[in-house]
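Residue 16 is where the sequence shown starts when you use my numbering, and the numbers rise one by one after that. Where a beta carbon is used, it is the ideal one built from N, C-alpha and C, also for glycine.
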Amino acid sequence: MILFREPDLLLDDTKLSPVSRAQNRVGICTACDGDLLSLGYYKQAGRWLVAARCSACSRALLMVYGDDWSWIEDVPLVMAEGEGHAPARASLRVSEVPQERLEVVFTPAEIRDMIAFQEGRPYVRQNLYRARAKLDRFERLFGIRIEL
Ligand SMILES: [Zn+2]
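Structure representation (structure tokens):
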């Protein structure tokens, strides 16, 4: 899963800073036919990566090109903008965090058991331990501390 946190790309734990932040019309959204606007251009391992977002439906994607700008693939991009720069916030309950973000770091079983634990329902202890071990990584990526 690749994250966009203005203006950087986060690939696993690697932060990639943009070569350019030019806003260009870079294509048409396959979901709604709106204009895709670039958020940033990145270079990695001989490939060009272009983060883009639809100006109509806000769907984000990362377009991957070869060194010669031949198109390779489009991959999903998760937006995490803003929060990285926000002042420290109080911790959130698991149920208050958007599912899409939880899924970047936690497995479905871990998410289910974190929520079960907070709601006082039965849970698998091992899943909760594993989830707790990932809280720091989640906070680093999204700037959100999950209360667990
Ligand atoms: Zn769209």
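Can you pull every residue whose C-beta falls closer than 6 Å to some heavy atom of ligand 1, listed in chain order?
Residues with a Cβ closer than 6 Å to any heavy atom of ligand 1, in chain order: CYS44, ALA46, CYS47, GLY49, CYS69, ALA71, CYS72, ARG74.
On a Cα-Cα basis, can you pick out the residue from ILE43, TRP86, MET94 that is closest to MET16?
On the sequence shown, position 1 is the one that residue 16 refers to. Residue MET94 is the option with its Cα nearest to MET16.
Between the region 23-31 and the region 40-50, are three or more C-beta pairs nearer than 8 Å?
Judged by Cβ distances under 8 Å, the region 23-31 makes no contact with the region 40-50, as fewer than three pairs qualify.
If you follow the beta strand (DSSP E) that MET16 is part of, which residue opens it and which one closes it?
Here residue 16 corresponds to residue number 1 of the sequence shown, with the count starting at 1. Careful: MET16 lies outside any beta strand (DSSP E) and carries neither H nor E.
Would you kindly work out how many angstroms separate the C-alpha atoms of GLU118 and ALA37, rounded to a whole number?
Counting from one through the sequence shown, the residue named residue 118 turns up at place 103. Counting from one through the sequence shown, the residue named residue 37 turns up at place 22. Using only the alpha carbons, I get a separation of about 30 Å.
Return the CA-CA distance between GLY61 and VAL41, expressed in angstroms with no decimal places.
Position 46 of the sequence shown, counted from the first residue, corresponds to residue 61. Position 26 of the sequence shown, counted from the first residue, corresponds to residue 41. Their Cα atoms are separated by approximately 20 Å.
What residue does the beta strand (DSSP E) around ARG62 start on, and which one ends it?
As a first step, residue 62 must be located in the sequence shown, where it is residue number 47. 62-69 is the extent of the beta strand (DSSP E) around ARG62.
Ordered along the chain, which non-local residues of its own chain (more than five positions away) have a Cβ less than 7 Å from that of PRO102?
The count along the sequence shown starts at 1 and reaches residue 102 at position 87. The predicted model places PRO102 with a pLDDT of 45, which falls under 50 and marks its position as unreliable, so this point remains unresolved.
Between which two residues does the beta strand (DSSP E) holding ARG40 run?
Position 25 of the sequence shown, counting from 1, holds the residue named residue 40. 40-43 is the extent of the beta strand (DSSP E) around ARG40.
How would you label CYS72, buried or exposed, when you count the other beta carbons within 10 angstroms and need 16 or more for buried?
Taking the sequence shown and counting its residues from 1, one reaches residue 72 at position 57. Exposed.
SER53 and ALA66 look like a contact to me (Cβ under 8 Å); what is the Cβ gap, rounded to whole Å?
Translated into positions along the sequence shown, residue 53 becomes position 38. Translated into positions along the sequence shown, residue 66 becomes position 51. With a Cβ gap of about 7 Å, SER53 and ALA66 count as contacting.
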